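Following: one structure in structure tokens, then a few remarks.
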Amino acid sequence: MSSKSAVITTCIHKGTRADALVDTGCDLYALIDHDLARKLCLLVVDRSERLLGSFSDAIGATKATGVVVFNLELCGYDEKIFAYTVRSLSDDLFLGKPWIERNRILYNAAAQRIRHRRGGIDLRLKGEEEPERVHQIRVARLLPGAPFVTLYKRAQQRTEGYEVRAISLADI
């Protein structure tokens, strides 16, 4: 009997795409691949190595090389994550049982759907198309304050309207 794993597409650390396995058998909140964490220069909050016995009982204890912190974005829902770094993970990121419980995740294996009830969103499984509204947000044109003011003044002079979706307070 074979079934698809619950692997979702996420964005971590400034928009980097990563595959995350939603793992009901993992007693840890989150794990991230050591090489990926180094490549992205994630903030290391603890460098001490420790054994993680509850992560991989089938092959024995696995050694964590530290703890990092980063932002995890799931279809527009952001969360700050602390994760153990582990060498040679099969996926970029593992999200364990404590993460599942905290975010009230509901997994329907038959329908291949994952519902993030805390954020009120359906998560995309690996390989699924991004919803159109999420895609529009990602490709939106971002402008600093000065060019925005110029465009706004031009828009006031025209009869047709402009639509503004968001602006950062840091740029004003």
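Going by the numbering used here, the first residue of the sequence shown is number 1, and it counts up by one from there. All C-beta atoms, glycine included, are put in the ideal place defined by N, C-alpha and C. As the structure is a prediction and not an experimental result, all values here were calculated from the model.
Residue i in three-state terms, based on DSSP
i, result
"T10", "strand"
"L106", "strand"
"A111", "coil"
"H21", "For the record, residue 21 in the displayed sequence is Leu; it is not His. Three-state result, L21: strand."
"R117", "coil"
"D33", "strand"
"L151", "helix"
"R38", "helix"
"G145", "helix"
"H158", "In the sequence on display, residue 158 carries Arg and not His. Coil at R158, not helix or strand."
"E128", "coil"
Rounded separation between residue i and residue j - CA only
i, j, result
"S2", "A111", "Unreliable placement is indicated for S2, whose pLDDT of 46 sits below 50; the coordinate value is still reported in the next sentence. Their backbone Cα atoms lie some 15 Å apart in a straight line."
"R133", "L51", "42 Å"
"A6", "L74", "14 Å"
"L89", "I32", "7 Å"
"R102", "H116", "10 Å"
"L43", "G66", "11 Å"
"A155", "I8", "40 Å"
"D46", "V68", "7 Å"
"D19", "G127", "10 Å"
"A61", "G53", "4 Å"
"L21", "R124", "12 Å"
"P144", "E79", "25 Å"
"D122", "A64", "31 Å"
"N108", "I100", "13 Å"
"Y29", "Q136", "31 Å"
"E130", "R113", "14 Å"
"H34", "Q157", "54 Å"
According to DSSP, residues forming a beta bridge with residue i
i, result
"T16", "I12"
"L43", "V69"
"D122", "R115"
"R50", "A64"
Buried or exposed (CB count within 10 angstroms, at least 16 for buried), residue i
i, result
"Y152", "exposed"
"L106", "exposed"
"V86", "buried"
"G96", "buried"
"T24", "exposed"
"V149", "exposed"
"C26", "buried"
"A37", "buried"
"A146", "exposed"
Fully enclosed by the segment 59-105, which alpha helix (DSSP H) runs are 4 residues long or longer? List check, alpha helix (DSSP H) in window: 97-102.
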